[in-house]
Amino acid sequence: MENQNDFKFKEGDTQESAQQFRIEVAEGENGRYFYIKPLGHARYEIRDDEGVIGSVQLDENDHAHCESQGCELDLPLIYSIRDQIRLHEGLKGI
Numbered sequence: 001m002e003n004q005n006d007f008k009f010k011e012g013d014t015q016e017s018a019q020q021f022r023i024e025v026a027e028g029e030n031g032r033y034f035y036i037k038p039l040g041h042a043r044y045e046i047r048d049d050e051g052v053i054g055s056v057q058l059d060e061n062d063h064a065h066c067e068s069q070g071c072e073l074d075l076p077l078i079y080s081i082r083d084q085i086r087l088h089e090g091l092k093g094i
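Numbering (UniProt numbering), first residue to last: 1 to 94.
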């Protein structure tokens, strides 16, 4: 079956895009989108439309705990991102 839309992957982007996913989290009264790229070992790169914001590593033993590096986001927003990543990873296994 032929692709009928105009979407074109950038060269070398197909494998990376297959792993990357997008989440939406509430920030105040608004939603904010982030692009999440798995880096392995429960570590994820966080991006927005302007570029890389930082990374977060989930604690597989203590699901309420995570560590961030290079993030200039407030803790409630980081925790919301963590929860959305966990939700996505849980649904991916279905």
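The C-beta atom is built at its ideal place from N, Cα and C for all residues, glycine as well.
Three-state secondary structure (DSSP) at residue i?
i, result
"F7", "Reliability of the predicted coordinates at F7 is poor, the pLDDT of 39 falling under 50, and no value is obtained from them."
"G90", "helix"
"L77", "helix"
"D48", "strand"
"Q84", "helix"
"T14", "Any reading at T14 must be qualified, since the residue scores a pLDDT of 45, below 50, and its modelled position is unreliable; the value itself is stated next. T14: helix per DSSP, three-state reduction."
"M1", "Residue placement at M1 cannot be trusted, given a pLDDT of 44 that sits under 50; the coordinates are not used to answer."
Tell me, which residues are paired with residue i by DSSP?
i, result
"C66", "L58"
"A42", "The partner list for A42 (beta bridge, DSSP) is empty, contrary to what the question assumes."
"G31", "A26"
"I36", "F21, I46"
Anyone know if the C-beta pair for residue i and residue j falls short of 7 Å?
i, j, result
"Q84", "I46", "no"
"L77", "E27", "yes"
"C71", "G51", "no"
"H88", "F21", "yes"
Between residue i and residue j, how many whole angstroms is the CB-CB distance? I'm expecting something under 8 Å.
i, j, result
"L58", "R32", "Actually they are not in contact, since the Cβ atoms of L58 and R32 sit about 20 Å apart, beyond 8 Å."
Indicate whether at least one CB of chain D lies closer than 7 Å to the CB of residue i.
i, result
"I53", "Protein chain content of the structure displayed is limited to a single chain, and chain D is not contained in it."
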